[in-house]
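Visitor:
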Amino acid sequence: MNLLDENKVYGFVSGAMQIWPESYSKDLDDLLLIATDMNTIKILESKGIGNHQTCFGVTLNESKALMLGTRLAYCCSCGRFSDSRLDDLKNKIVEDGTHICPRYFNQTVSEAVRFVALESDFMRQQSTW
1 MNLLDENKVY GFVSGAMQIW PESYSKDLDD LLLIATDMNT IKILESKGIG
51 NHQTCFGVTL NESKALMLGT RLAYCCSCGR FSDSRLDDLK NKIVEDGTHI
101 CPRYFNQTVS EAVRFVALES DFMRQQSTW
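With UniProt numbering, the residue at position 69 of the sequence shown is 69, and numbering never jumps.
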């Protein structure tokens, strides 16, 4: 499956997301987009789509869940989604991610948080992910 086909299948809506805090309503909207994309993966997985192995030793669905986990971790590490009213939705995204990719999801999120902490100068220059 090439990248163009992947985009047609997954149709993610959370791309090019601001990593720095905005408003509560914008944070809620963007977090809902990540949750929607994670739900898309769950639906595709339940239908047997995207369950083939990639060259990285994970399925395509797992790879996409890891991408969303990284996006969530970068945003959270830069201060987005910090309002406590968003905690349940963040927990749901993490729960779904660990269900889709139990071997690597938590590790990937931890590595993304670690990267932000170690590369703070680089991250300050970034605006979207």
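Idealized CB from N, CA, C, for every residue including glycine. Only a predicted model underlies this, so the values are computations on that prediction, with no experimental measurement involved.
For Thr98, write down the residues that DSSP places opposite it in a beta bridge.
Guide: Along the sequence shown, read from residue 1 onward, the residue named residue 98 stands at position 98. DSSP, once it has assigned bridges, lists no residue as partnering Thr98.
Visitor: Among the candidates Leu44, Gly48 and Gly11, whose CA atom is the shortest distance from the CA of Leu33?
Guide: On the sequence shown, position 33 is the one that residue 33 refers to. The candidate whose alpha carbon is nearest that of Leu33 is Gly11.
Visitor: Please list the terminal residues of the continuous alpha helix (DSSP H) segment that includes Glu22.
Guide: In the sequence shown, counting from the first residue as 1, residue 22 sits at position 22. Per DSSP, Glu22 belongs to no alpha helix (DSSP H) and is neither H nor E.
Visitor: Within its chain, find whatever has a CB closer than 7 Å to the CB of Leu86; leave out the 5 residues flanking it on each side and keep chain order.
Guide: For the purposes of this step, residue 86 is taken as the residue at position 86 of the sequence shown. Same-chain partners within the cutoff: Asp27, Leu28 and Leu31.
Visitor: Please check the pair Ile41 and Lys64, which I expect to be a contact at CB under 8 Å, by giving their CB distance rounded to whole angstroms.
Guide: Looking up residue 41 in the sequence shown gives position 41. Looking up residue 64 in the sequence shown gives position 64. With 8 Å as the limit, Ile41 and Lys64 qualify as a contact, their Cβ atoms being about 5 Å apart.
Visitor: By DSSP, does Gln53 sit in helix, in strand, or in coil?
Guide: As a working note, residue 53 is residue 53 in the sequence shown. Reduced to three states, the DSSP call for Gln53 is strand.
Visitor: Under the rule that 16 or more other beta-carbon atoms within 10 Å means buried, what is Val109, buried or exposed?
Guide: The residue labelled residue 109 in the question sits at position 109 within the sequence shown. Classification of Val109: buried, given that the 10 Å Cβ count is 16 or more.
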